[in-house]
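First up is the structure itself, then whatever we jot down about it.
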Amino acid sequence: MRSPFIFIVSLLALPCFLTACGGGGSSSTGGIAPNSTTPGANASLTGNVSLNSSIYNNVVPLIIDGGPPASKSNYVNGVFATITVCIPSTNACQSIDHVLIDTGSVGLRLLAQSGQGELSLSLPAVTDRGSTLYECSLFADGYSWGSINKADIQLGGELARNVPVQIIGAGTNLTPSSCPQSAPVNVPENDLASLGANGILGVGVFSQDCGSSCTPAPYYDCNSSGCQTMAVIPTSITSQLQNPVSMLPRDNNGILIDLPSLNDTGAATVNGQMLLGINTQSDNTLPSSATKLALVSIFSLLNPTPAGQLNEAQINNQTYPTSYFDSGTSVWEVGNQLPACPNGSAGAGFACPTPSPQNLQATLFDANNQTAMISFNLESATTLFSNYPANTAFDNLAATAPDNQTLVMGLPFFYGKGVATLIQSQPLPSTGLTGPLVAYYSLP
1129 MRSPFIFIVS LLALPCFLTA CGGGGSSSTG GIAPNSTTPG ANASLTGNVS LNSSIYNNVV
1189 PLIIDGGPPA SKSNYVNGVF ATITVCIPST NACQSIDHVL IDTGSVGLRL LAQSGQGELS
1249 LSLPAVTDRG STLYECSLFA DGYSWGSINK ADIQLGGELA RNVPVQIIGA GTNLTPSSCP
1309 QSAPVNVPEN DLASLGANGI LGVGVFSQDC GSSCTPAPYY DCNSSGCQTM AVIPTSITSQ
1369 LQNPVSMLPR DNNGILIDLP SLNDTGAATV NGQMLLGINT QSDNTLPSSA TKLALVSIFS
1429 LLNPTPAGQL NEAQINNQTY PTSYFDSGTS VWEVGNQLPA CPNGSAGAGF ACPTPSPQNL
1489 QATLFDANNQ TAMISFNLES ATTLFSNYPA NTAFDNLAAT APDNQTLVMG LPFFYGKGVA
1549 TLIQSQPLPS TGLTGPLVAY YSLP
């Protein structure tokens, strides 16, 4: 599920927590910091980690650099890749840069040119009973509307064929009144200014956007007469957005993200990599030291924890029943206990912990009640943005969650680690384990 997506449109704005239908518990969170021309430090992978994609065809280079230049903003802790899409079974292809990598959602969503996105290809539409299929993605601060189309998707040197994708902003004139009316706030999120990226690649722990759990709510059949919700005859699961990784011919059981460690002052640019597959090639094999945590696979009355999340987490005797990892969230979200930075300050919209810096320890409980401990430091966002305005990557940046039940281990958790997400029902070779699962370990 594509869930809290935070994009701060200005430092005077509060974070917007977006929640959309989907098969997992995700957040895509980004922040805009003051622009600066002062050079900052860079961070890259070192040690035994290689960025040479000519050796393996399963390597997707990643970058954290402030986001698309056309957005004219400074997207903090947004991890991006360049994705190539093609009209199916043709050589008509286009590379789209600054596509946000989101381990908490599923499916490729590309921003249409009408929304100042880069996509210019005319991808064939997905039809349902003679009508074009559209999706209404609902968020806490608005909604996104767009058509469902088919594309071949190249990730590294591997190709997923005939994958349903959403074109955000396509056919906005067809948006039915029930779409914005279903959103908590009637605000469209269909352009570069509101999205902060040229697209979102959801590489979470499920194979479909929703599967049977959210059909038919987000999908509509549309023609010249208007749009009709798929409430009576649900759309086929195969027509929903699919996880492109699960549709690769090989290396299709999940992904592994490697990002270098940062110092407390952050970095202006960070280079990393996403490896396709887990334990399928020598470059994506987990070390024996990796912590492996099973995630909740289905929702039930016996276990109401949303699918794709941990059972719970605890910090200082406070329990967080909504706890998950998400590369699309740009911050640590630690309940609503952290004080917000003052309005008008450089860190407005983020958290200013007191005292600062602040060290926290969390105990994580997975779906089988196995435990793991993590430690992390939090710094005042005002301090970070004021003192290091050229930097776009921080491992100690936090925001206040919408409630006191939520712990989100956003992109700051990923720095200095290899973090793998194993897709539901997919095996992890040589272990006997199956997804959904998250594994992580420290990089050299």
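For reference, each letter of the sequence shown is one residue, going 1129 to 1572 in this note's numbering.
We put the CB at the ideal spot given by N, CA and C, even for glycine.
Do you know offhand how far P1252's Cα is from G1394's?
Answer to the nearest angstrom: the Cα atoms are 43 Å apart.
Considering N1515, what are the terminal residues of the alpha helix (DSSP H) in which it resides?
Taken as a continuous stretch (DSSP letters only), the alpha helix (DSSP H) holding N1515 covers 1509-1515.
For T1300, name the three-state secondary structure that DSSP assigns.
Three-state DSSP puts T1300 in a helix.
Can you tell me whether DSSP reads Q1554 as helix, strand or coil?
Three-state DSSP puts Q1554 in coil, outside helix and strand.
Taking only three categories from DSSP, how would you classify M1375?
Helix.
Since A1240 and G1297 are thought to touch, with beta carbons under 8 Å apart, how far apart are those beta carbons, to the nearest angstrom?
That belief holds up - the Cβ atoms of A1240 and G1297 are roughly 4 Å apart, short of 8 Å.
Under 8 Å: do the segment 1555-1567 and the segment 1469-1487 share three or more Cβ pairs, one atom per stretch?
These segments do not touch.
Quick check: what's the CA-CA separation for G1258 versus A1220?
The alpha-carbon atoms of G1258 and A1220 are separated by roughly 26 Å.
Using DSSP with H/G/I as helix, E/B as strand and the rest coil, what is F1208?
DSSP places F1208 in strand when its eight states are reduced to three.
Could you spell out the range, first to last residue, of the beta strand (DSSP E) harbouring C1469?
No beta strand (DSSP E) holds C1469; DSSP gives it neither H nor E.
C1355 lies in the alpha helix (DSSP H); which residues open and close that run?
Taken as a continuous stretch (DSSP letters only), C1355 belongs to no alpha helix (DSSP H), being part of the beta strand (DSSP E) at 1354-1357.
Given a cut-off of 8 Å on the beta-carbon distance, is the pair A1279 and K1420 in contact?
No, Cβ-Cβ distance for A1279 and K1420 is not below 8 Å.
State the DSSP-derived secondary structure class of S1178, mapped to helix, strand or coil.
Annotation note: pLDDT 43 at S1178 (below 50); position unreliable, no value reported.
Locate the beta strand (DSSP E) running through S1570, then write down its first and last residues.
Taken as a continuous stretch (DSSP letters only), the beta strand (DSSP E) holding S1570 covers 1565-1570.
Check each candidate in P1292, A1521, G1472 and name the one with the smallest Cα separation from T1510.
Closest option to T1510, Cα to Cα, is G1472.
Helix, strand or coil for S1306, going by three-state DSSP, please let me know.
Note: S1306 maps to helix in three-state DSSP.
State buried or exposed for G1560, treating a residue as buried only when at least 16 other CB atoms are found within 10 Å of its CB.
Answer is exposed; the Cβ neighbour count stays below 16.
Which two residues bound the contiguous alpha helix (DSSP H) that contains P1540?
Taken as a continuous stretch (DSSP letters only), the alpha helix (DSSP H) holding P1540 covers 1539-1542.
Identify, in the order they occur along the chain, each residue of the same chain with its Cβ nearer than 8 Å to the Cβ of V1291, setting aside the five sequence neighbours on each side.
The residues are L1236, K1278, A1279, D1280, I1281, Q1370, P1372, M1375.
Can you tell me where the beta strand (DSSP E) holding S1503 begins and where it ends?
It spans 1499-1506 - the beta strand (DSSP E) in which S1503 sits, taken as one unbroken run.
Judging by CA-CA distance, which residue of F1504, L1384, E1440, L1423 is the nearest neighbour of I1229?
It is L1384.
Look up D1411 in the DSSP assignment and say whether it is helix, strand or coil.
It is helical.
Please name the residue, chosen from V1187, T1260, Q1401, that lies closest to D1349 on a Cα-to-Cα basis.
Ranking V1187, T1260, Q1401 by Cα distance to D1349 puts T1260 first.
By Cβ distance, which residues of its chain are closer than 8 Å to S1212, with the 5 residues on each side in sequence left out?
One detail in the question is off: residue 1212 reads as Thr in this sequence, not Ser. Once the five neighbours on either side are set aside, the close Cβ partners of T1212 are C1221, Q1222, S1223, I1224, I1281, Q1282.
Given that a residue counts as buried once 16 or more other Cβ atoms are within 10 Å of its Cβ, and exposed if not, what is Q1465?
Q1465 comes out exposed.
Just to confirm my understanding: we take Y1543, look at its own chain, exclude 5 residues before and 5 after, and list those with CB closer than 6 Å. What are they?
For Y1543, where only same-chain residues beyond five positions count, the Cβ hits under 6 Å are L1387, S1389, L1390, D1523.
Hey, could you find the ends of the beta strand (DSSP E) L1239 is sitting in?
Counting along the chain, the beta strand (DSSP E) containing L1239 begins and ends at 1234-1239.
Quick check: the Cα distance between V1234 and T1562, rounded to an integer number of angstroms?
Going by the C-alpha atoms only, they are around 18 Å apart.
Beta strand (DSSP E) containing S1223: first to last residue?
It spans 1221-1230 - the beta strand (DSSP E) in which S1223 sits, taken as one unbroken run.
Whole angstroms are fine: how far does the CA of D1494 sit from the CA of G1436?
Roughly 10 Å between the two C-alpha positions.
What do you get for Q1309, buried or exposed, if any count of 16 or more other CB atoms within 10 angstroms of its CB means buried?
Result: exposed.
In whole angstroms, give me the CA-to-CA distance for N1314 and Y1271.
Spanning the two alpha carbons is a distance of roughly 7 Å.
So, for V1333: in the same chain, excluding its five sequence neighbours on each side, which residues have a beta-carbon less than 7 Å away from its beta-carbon?
G1152, L1423, G1436, T1549, L1550, I1551, Q1552, G1563, P1564, listed in sequence order.
Using the C-alpha atoms, what's the distance from T1408 back to P1415?
One C-alpha to the other measures close to 13 Å.
Check whether the Cβ atoms of E1440 and P1449 lie closer than 8 Å to each other.
For E1440 and P1449, yes; Cβs fall inside 8 Å.
Does the beta-carbon distance from D1454 to T1231 come in below 8 Å?
Yes, they are a contact pair.
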